[in-house]
Structures are given as structure tokens and as C-alpha cells.
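Quick note: the sequence shown, position 203, residue 1064 per the working numbering, numbers continuous.
Built from N, CA and C at the ideal position, the CB exists for glycine as well.
Here's the structure, in C-alpha cells; my notes come after.
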Amino acid sequence: MSDNFTACRELLSDRHYLLSSLVPFMRDRRGDVWVGDRWHRDLMMHLRYLPHMIILAAQVDHLEGEDATRVEPEPGQSVEFVATGPMMTGRRQIPRVLPGMIRAMRQALARADAVHSGAAGWPIPPGLILNPMVVRRGLPLVINIESAFWRIPEGTDASLRWRAEAAATERFARWTCRHARLGIYTQRSYAESLPVGPGGISAVSPATWIHQQDVLTPDALARSWQEKPADLRLLLASRLTAEKGTGVVLQALRQLEAEGRQLQLDVVGSGSMAGQIAEFAAQARSLRVRILPEVAYATEFLPLLRGYHAALVPTTGDEQPRVILDAFSQGVPVIASDTAGNREVARDGQDAIFVPAGDAAALAQVLADPSLTPQRLRGLADAARDKAAASTHEMMHDQRAGLVHDALKGHMPERPAGSSR
């Protein structure tokens, strides 16, 4: 255990750290809690330096899209899941769910010594209710800004309602960050546009899910490239939505198909545009587009990545897709949108090829370029692997443990954990 982990764990040995999560959980008939495998990996790492956690989250009957894993804390650790209600799928559910959400938040806050929250969510941000309650109680607030998905991408023909909601969320996010004791941001642009207030601590810490053992050794990387097929193979692993750039990819593919180009692209993911991608794949003649079944992140996704020469990351917003470092860990460079989030972890011409965000014609041009060869992409692979090796999940949490320790020391209520307010 690192010095940062040890110091933070000792500071919080008799304290409760409340975390508000947008990721749902499931409870079985025995009362055991199950979460998706990716969230499980992250939660277990949290517990190494936040030994007593309370998780506020929606409860569902079953988990979709990934393998479920039972939450089993180690000796000396505890985690309690408090349900805020069911997973809401629309605004009409808010009046029915909101009273129970408020009760759950009050129940959890009564035992909390520090609160980790956010500023956004749909159809209602939990932080909209929770964060003012935290500020009124004088508890230290830790805010994690991983994305600003409410922001409207440049050039988008947004409705008046969308613009009004985006502006309101932006104002609330700024208010929240001004009241934060600690603001953790995945990129510099978020730290600059959503700053903490006087006395707050601000830090940029890109999100990563890869573990040290996930990163290929240089020898393994060399072997993996020797085993790749001779013809160029690309992978799009993403939520298949307009916000993730799926529409841009589809437009580029249609252009390439009309020009009679040849390209092999595999697609893995689900979302509102999955049907359009599948329809194009069925009708394409010169392009070979395959729809792959979704795979478990923890056991199958990284080996899947290893079989490709590059991954497409066509995001149109400024979020930071985690698939970049996932691909890098397998020595696979990316063809990515030139956005603030992507620039935080990837470097054009070193481990990535950047394309103007939202520009389908530019993406088609890059994909059709005769110089886009396995040999060229192999030249980016070593730098990609090195970036991943310096950006592991353990390193991210080590940095965050130090930040949480420094932010909370001397700023938590002077009372033993578990006492009532």
C-alpha cells in the first residue's frame, strides 16, 4: 500500500465517506449487493484508502450491459449502499421518485463526515438536491468532474429547451465547484471553466481503468503486432449515440462506400444509433463492417482490442473517453477527434492521429489515406503503451488518495463516525 493510501486510510479510519454515484446497483434475495464489473474494480480500489463508505445510488432489479460482481469488502472495510430509488428513465418519474431520494440523502448525510458528489445527471442531477444540503451542514465536499456532457457541442442545432437546460446545469456546476473543498477534474479545461473557490484544492487527474498488469510488456507488444492480420483492421468501441460521434462515423462510412473504398471496421457497443450502424453494415458492399457482441470489460475487452491496428474515438464533445488508455495499454494507437479531453491523454503523431471533431469528410479522408497502414500505426504503438504504463488505475487512485487526505485533514466535523446530528 502506498504512503498516500496509508495516510488517507488512517485519517478516515473512524469516518464515513459518502459517495453519490450515477451507476446503479442490484441487491439479491440474500441482501448482497452486486454492481457492474467496471464499477466493482473502481470501488474495491476506493476502499483501500476510504475504508468506510456509504454509496448513494439507484437500485435496479438487474444489471444490463456487463457482468455483475458481488461487493465483498475486505477485513477492516465496510460499504453500505443506500437506494435513492429506481433508475429513472424520464422526467415524468421525478415527482414520484424525488421524495424518496431526499429521504435517502438525509439518512446518509446524518452519518457522513465527507461527501463525494457531482454536478450533473439525467433526468435530474442528484447533486442538485445533495450538494446544497452538504454545504448547509458544513461538510467538506469533494467534486469529481469527469465530463461536461451537458455542454452543447459546437455547431449543434440545439433546441431552446436544450440550451436552457445546458445553461442551468453549467451555472449549478460552477456553484458546486465554488463550494468544493476538493475539485478533481479529468482535464485542464474543466478545472479552468469550473474552478473551486478560495481555499479549495484543484487537481487534474485523467480517468483510467487499466491496471498495471493489464499493460502489455514491450515484448508482448511486439508479439501482438506480429500476430495481427496483414490487412488494416479498425475497432469502434463506444456507446453508439450521436453524442459519442457515431453519426460522424456513419457519415464517413457512407462517403467511403460511395467512393468504392475498402476498409474493415468492427463495432462493439449499444445505443440509439446501433440500428443504423447495423443497417449500413448489412447493405455495404466495398466496406466490411461487422457488429460484434458486447464483452465484459474486466476479462474480454482488452484482449479484443489487441487484435486491431487502431481504435476509432470520434467523440464530438469535450469528455475524455476511457477507451483511449484502454487501447494504449494493448499497444493500439487511436484515430481520435481533436478535442480537449482527447488531447489530455493522446498526442497527435506520437500515439494518435487526430481528426477535426465532428468532421465526417475529414475522417473519411484519413481512413481512405493510402498512408494509413499497419506499418504506420505500428510506429505509434510503443508510445501508446508507454503512456498507458504511466497512467494506470493504481496511479490515478494513489494521486487521488493524497488529494483527499490533504483536502479533508482538519476539515471534517469533530465527532466520531456514526453519531447522529
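Short Cβ contact (7 Å threshold) for residue i with residue j
i            : j            : result
residue 983  : residue 931  : no
residue 1246 : residue 1192 : yes
residue 1046 : residue 1262 : no
residue 1201 : residue 1195 : no
residue 962  : residue 951  : no
residue 955  : residue 985  : yes
residue 1030 : residue 981  : yes
residue 943  : residue 965  : yes
residue 1146 : residue 1127 : no
residue 1014 : residue 1178 : yes
residue 1042 : residue 1258 : no
residue 1052 : residue 1066 : no
residue 1207 : residue 1185 : yes
residue 991  : residue 881  : yes
residue 1190 : residue 1004 : no
residue 1199 : residue 1241 : no
residue 1117 : residue 1223 : no
residue 1024 : residue 1055 : no
residue 1068 : residue 1183 : yes
residue 1101 : residue 1138 : yes
residue 1205 : residue 1008 : no
residue 1134 : residue 1160 : no
residue 1076 : residue 1250 : yes
Rounded C-alpha distance that separates residue i from residue j
i            : j            : result
residue 1243 : residue 1033 : 42 Å
residue 1006 : residue 979  : 7 Å
residue 1092 : residue 1085 : 15 Å
residue 996  : residue 1061 : 13 Å
residue 1048 : residue 1136 : 33 Å
residue 1266 : residue 948  : 32 Å
residue 878  : residue 1209 : 39 Å
residue 1281 : residue 972  : Caution applies to residue 1281, whose pLDDT of 45 falls short of 50 and renders its modelled position unreliable; the value that the coordinates give is listed next. Straight-line Cα distance between these residues: approximately 6 Å.
residue 937  : residue 1040 : 32 Å
residue 1217 : residue 905  : 38 Å
residue 1164 : residue 1154 : 14 Å
residue 1089 : residue 890  : 46 Å
residue 935  : residue 874  : 14 Å
residue 1172 : residue 976  : 36 Å
residue 1019 : residue 1237 : 39 Å
residue 899  : residue 1141 : 30 Å
residue 1078 : residue 1059 : 44 Å
residue 1050 : residue 1253 : 22 Å
residue 1028 : residue 1044 : 20 Å
residue 1087 : residue 959  : 56 Å
residue 988  : residue 908  : 22 Å
residue 872  : residue 865  : 11 Å
residue 939  : residue 1215 : 44 Å
residue 1162 : residue 1080 : 21 Å
Option nearest residue i by Cα separation, candidates the options
i            : options                   : result
residue 1175 : 974, 1156, 992 and 1228   : 1228
residue 1057 : 1101, 1037, 956 and 1014  : 1037
residue 1082 : 1070, 1170, 1223 and 884  : 1170
residue 1148 : 1095, 1234, 970 and 913   : 1095
residue 1248 : 1073, 1225, 875 and 922   : 1073
residue 1012 : 1002, 1021 and 1026       : 1026
residue 921  : 903, 908, 885 and 941     : 885
residue 1143 : 1162, 1161, 1115 and 1166 : 1115
residue 1125 : 1264, 940, 1234 and 933   : 1234
residue 892  : 933, 928 and 1251         : 933
Residue i CB to nearest heavy atom of the ligand FAD below 6 Å
i            : result
residue 1104 : The ligand FAD is not part of this structure, which contains no ligands at all.
Cutoff 6 Å; reference residue i; Cβ partners in own chain excluding five residues on either side
i            : result
residue 1221 : 1109, 1112 and 1113
residue 1099 : 1105 and 1130
residue 924  : 887 and 897
residue 901  : 930
residue 883  : 982
residue 1203 : 1197
residue 1121 : 1147
residue 1269 : 975 and 1001
residue 1123 : 1147
residue 863  : 1259
Contacting residues, own chain, Cβ-Cβ under 8 Å from residue i (five flanking each side not counted)
i            : result
residue 1274 : 974, 999 and 1000
residue 1278 : In this predicted model, residue 1278 has a pLDDT of only 48, less than 50, meaning its place in the structure is not dependable; the value taken from the coordinates is given anyway. 875, 876, 877, 913, 972 and 974, listed in sequence order.
residue 903  : 1070 and 1254
residue 1010 : 981, 1104, 1178 and 1180
Below-7 Å beta-carbon distance, residue i vs any chain C residue
i            : result
residue 1169 : This model lacks chain C altogether, as it is built from one protein chain only.
Neighbourhood of residue i by C-beta distance below 7 Å, restricted to the same chain and skipping five residues each side
i            : result
residue 1256 : none
residue 1230 : none
Going along the chain, which unbroken runs of the beta strand (DSSP E) with 3 or more residues stay wholly within the region 1219 to 1261? List check, beta strand (DSSP E) in window: nothing returned.
Would you mind listing the beta strand (DSSP E) stretches within the region 1117 to 1172 that are 3+ residues and don't spill past its ends, in chain order? 1124 to 1129 and 1148 to 1153
Quick check for students: name the residue ranges of the alpha helix (DSSP H) that lie wholly in the region 960 to 1017, counting only runs of 4 or more. 987 to 998
Whole beta strand (DSSP E) runs in the region 1030 to 1066 with 3 or more residues, listed along the chain? 1043 to 1046 and 1062 to 1065
Can you give, in chain order, each stretch of the alpha helix (DSSP H) that sits fully within the region 892 to 937 and has at least 4 residues? Within the region 892 to 937, the complete alpha helix (DSSP H) runs of at least 4 residues are 898 to 907.
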